[in-house]
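So the sequence shown is numbered by my numbering: it starts at 12 and just counts up by one.
Glycine included, every Cβ here is placed at the ideal spot set by N, Cα and C.
Okay, so here's the structure we're looking at.
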Amino acid sequence: MITPRYDVITIFPDYMSPLSLSLIGKAEERGLLTTKVTDLRNFATGVHKSVDDTPYGGGAGMVMSPVPWGEAIDAVAHEAEADGYEEHTLIILTPAGRKLDQALAYELAQRKHLIFACGRYEGIDYRITEHYSARPQFKVMEVSIGDYVLGGGEVATLVILEAVIRLIPGVIGNAESLKEESHTLVDEETEPLVEYPNYTKPPVWRDLEVPTELVSGNHGLIAKWRAAKARERTEKLKD
Ligand code: JDQ
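Take a look at the structure:
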């Protein structure tokens, strides 16, 4: 059985150390998936091992050269192919990409090989997008995690991987919680709903009581209360 493989290419490989912690690290230890971080600098040539240059057309900042990026992506794809991964989804992090949401996380969780290209400076020469979009083994996606500008793609990659990996079968022990999530995510009118509020013990905390519905033992009443609260909370987020 082929398990998902997640490659990350970056000039800051240490920045990806959270991959070996917690949820993701444990899933990897259990053999549910593989992650590998590749240092783009290993594909830079010349005495200074530089990976950036000035932008054509002028302007501030530097742009990442397509030359080391092409070599690094080819090497990663080649290694994955030797392990039986025939299709590669190249995810290029950029504030100009498709916004991450739960539907995109589900979509990415179906793919067996993801390659995350983490740029720095002003981003990567656009010919990387153009070139890999034209290669049949590759699907290219430009992805953003939200409308703010980060210093590079590394943190965005960690966010995406955390959202994707918890959807891989077996990663979360409780399959019921994922099923419930996918039900509450999209209701009958496909309107995204936020979660209902949660409560746990103690039953009274700083004079605040747990809503009586939740301690009623009446599962119909509990379901009705939760649906109403989810809608109320969703409404409050508008405007
Ligand atoms: C890169 C930068 C000015 C890019 C370089 C590579 N959602 C999201 N916000 N920011 C990013 C993603 C992101 C991703 C990759 C990146 C930012 N930068 C910095 C600076 C213009 C464009």
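Assuming residue i is part of the beta strand (DSSP E), what are its boundary residues?
i	result
Asp-50	45-50
Leu-125	124-128
Tyr-143	Note, Tyr-143: premise wrong, no beta strand (DSSP E); alpha helix (DSSP H) at 138-144.
Below 8 Å on the Cβ atoms is my contact criterion, and I expect residue i with residue j to pass it. Report the Cβ-Cβ distance as a whole number of Å.
i	j	result
Lys-123	Ile-13	6 Å
Glu-133	Pro-66	7 Å
Thr-49	Asp-18	6 Å
Ile-20	Ala-83	5 Å
Val-154	Ile-171	7 Å
Ala-116	Leu-178	6 Å
Ala-128	Leu-101	6 Å
Ala-38	Leu-44	6 Å
Take residue i and list the residues in its own chain whose beta-carbon comes closer than 7 Å to its own, dropping the five residues that flank it on each side.
i	result
His-99	Ala-88, Ala-91, His-124, Ile-126, Gln-148, Phe-149
Leu-161	Ala-167
Can you list, in chain order, the residues of its chain with a C-beta nearer than 6 Å to that of residue i? Leave out the 5 residues immediately preceding and following it.
i	result
Leu-119	Val-175
Pro-79	Leu-51, Phe-54, Ala-55, Val-62
Tyr-207	Arg-237, Lys-240, Ala-241
Glu-192	none
Gly-231	none
Ile-156	Leu-111, Ala-167, Val-170
Who does residue i pair with in a DSSP beta bridge?
i	result
Trp-268	There is no way to answer for residue 268, as the model of the chain reaches only from 12 to 250.
Ser-155	Lys-110
Lys-150	Thr-100
Asp-63	Met-75
Asp-25	Beta-bridge pairing links Asp-25 to no other residue.
Ile-135	Met-75
Arg-16	Thr-45, His-124
Taking residue i as part of the alpha helix (DSSP H), name the residues at either end of that continuous run.
i	result
Asp-85	77-93
Thr-245	230-248
Val-175	165-176
Glu-40	33-40
Within a Cβ cutoff of 8 Å, which residues of the same chain sit near residue i, ignoring the five residues on either side of it in sequence?
i	result
Ser-144	Val-151
Gly-130	Met-75, Ile-103, Leu-104, Thr-105, Gly-163, Gly-164
Leu-169	Met-27, Pro-29, Leu-30
Glu-220	Pro-214
Phe-23	Cys-129, Arg-131, Gly-163, Glu-165
Lys-60	Arg-52
So does residue i have its beta carbon nearer than 7 Å to some heavy atom of the ligand ATP?
i	result
Pro-79	Ligands in the displayed structure: the ligand JDQ; the ligand ATP is not one of them.
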